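Colleague: Take this structure, written in structure tokens, and hold onto it; I'll ask about it next.
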Amino acid sequence: MAKAKTFKHIFTKRLYFFEFVLGSLIYTLIYLAIVNTNKFIILSWLSEVLMGLLILSSSILLVIATFIIKNASKPSGYAGGAYSVIVSLLGSLFVSCGCQAPLLATMLYFIGLNAVEASFLYSFFASYNAFILLAFIIINILLIYYYLGMASQYTKEGKKEIMKKVFTK
């Protein structure tokens with residue numbers, strides 16, 4: 074219950090809501106920049122919907138991580154903020170099929186894959202991009218749940234629930 078109240082507490086503040094909107098806009102622009110580099114790609118509606126959900130969940134995770142970083146004496150939300158940025162970039166690359174994504178090809182060649190192995194990975198990403206995006210969304214949701222638990226200790230409702238757990242044991 075404290076997690077839902079913490080979520081409401083965070084998103085009713087203008088600064089965090091503005092950060093959510095700005096983060097969603099930036100993630101959308103990154104997605105469009107990566108996808109539009111491949112002019113001949115036709116995306117399915119499922120990939121578009123999943124990418125939209127990934128952008129929303131990444132923006133929520135970024136806001137919660139920022140709330141933790143701002144309110145904690147020992148900030149522990151850095152991993153959530155970094156993960157939300159990384160997963161949005163990777164999701165954009167996977168949706169764009171990877172067939173012509175120069176960033177992905179450069180990374181694959183840099184880690185030592187040859188052309189045959191890289192083309193296998195391209196076709197794998199193209200075939201299973203919906204499942205990869207769904208896995209990213211599920212991981213984002215689990216991280217949002219985890220970070221809301223961490224953030225609840227910085228709100229009034231969360232402090233009450235923590236004290237109740239301490240004194241009932």
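The working numbering runs 73 ahead of the 1-based position in the sequence shown. Where a beta carbon is used, it is the ideal one built from N, C-alpha and C, also for glycine. None of the values given here were measured: they were computed from a predicted structure.
#1: So, helix, strand or coil for TYR201, using DSSP?
#2: In chain order, what residues of the same chain have a beta carbon less than 7 Å from the beta carbon of LEU207, not counting five sequence neighbours either side?
#3: Measure how close the beta-carbons of TYR220 and ILE137 come, nearest whole angstrom, since I'm counting them as under 8 Å.
#4: Report, in whole angstroms, the separation of the C-beta atoms of ILE133 and ILE217, which I expect to be a contact under 8 Å.
#5: Using the C-alpha atoms, what's the distance from ALA191 back to ASN144?
#6: Just confirm the distance between the C-beta atoms of ALA106 and SER225, as a whole number of angstroms; I'd bet it's less than 8 Å.
#7: Just to confirm before moving on: does the CB-CB distance between VAL160 and SER131 stay below 7 Å?
#8: Whole angstroms are fine: how far does the CA of ALA203 sit from the CA of PHE90?
#9: Reducing DSSP to helix, strand and coil, say where GLY222 ends up.
#10: Name the residue from THR85, PHE209, LEU194 and TYR201 whose alpha carbon lies nearest to the alpha carbon of SER117.
#11: Mapping DSSP to helix, strand and coil, what is LYS86?
#12: Around the C-beta of SER196, are 16 or more other C-beta atoms found within 10 angstroms, so that it is buried, or is it exposed?
#13: Does DSSP put ILE128 in a helix, in a strand, or in coil?
#14: Specify the secondary structure class of VAL136 as computed by DSSP and reduced to three states.
#15: Check whether the Cβ atoms of LEU135 and GLY96 lie closer than 7 Å to each other.
#16: Quick one: Cα of PHE140 to Cα of GLY125, how far?
Modeller: This is what the structure holds:
#1: Residue state, collapsed to three classes: coil.
#2: The residues are LEU123.
#3: Contact between TYR220 and ILE137 holds, since their C-beta atoms are separated by about 5 Å, short of 8 Å.
#4: About 6 Å separates the two Cβ atoms, so the contact holds.
#5: Roughly 44 Å separates the two Cα atoms.
#6: Taking C-beta atoms under 8 Å as the contact rule, ALA106 and SER225 fail to qualify, at a distance of about 36 Å.
#7: Less than 7 Å divides the Cβ of VAL160 from the Cβ of SER131.
#8: Each residue's alpha carbon lies about 29 Å from the other.
#9: DSSP, read as helix, strand or coil, puts GLY222 in helix.
#10: Ranking THR85, PHE209, LEU194 and TYR201 by Cα distance to SER117 puts TYR201 first.
#11: If DSSP states are grouped into helix, strand and coil, LYS86 belongs with coil.
#12: Exposed, because fewer than 16 other Cβ atoms sit within 10 Å of the Cβ of SER196.
#13: DSSP places ILE128 in helix when its eight states are reduced to three.
#14: In the three-state reduction of the DSSP assignment, VAL136 falls in the helix class.
#15: Cβ atoms of LEU135 and GLY96: closer than 7 Å.
#16: So the two alpha carbons sit approximately 23 Å from each other.
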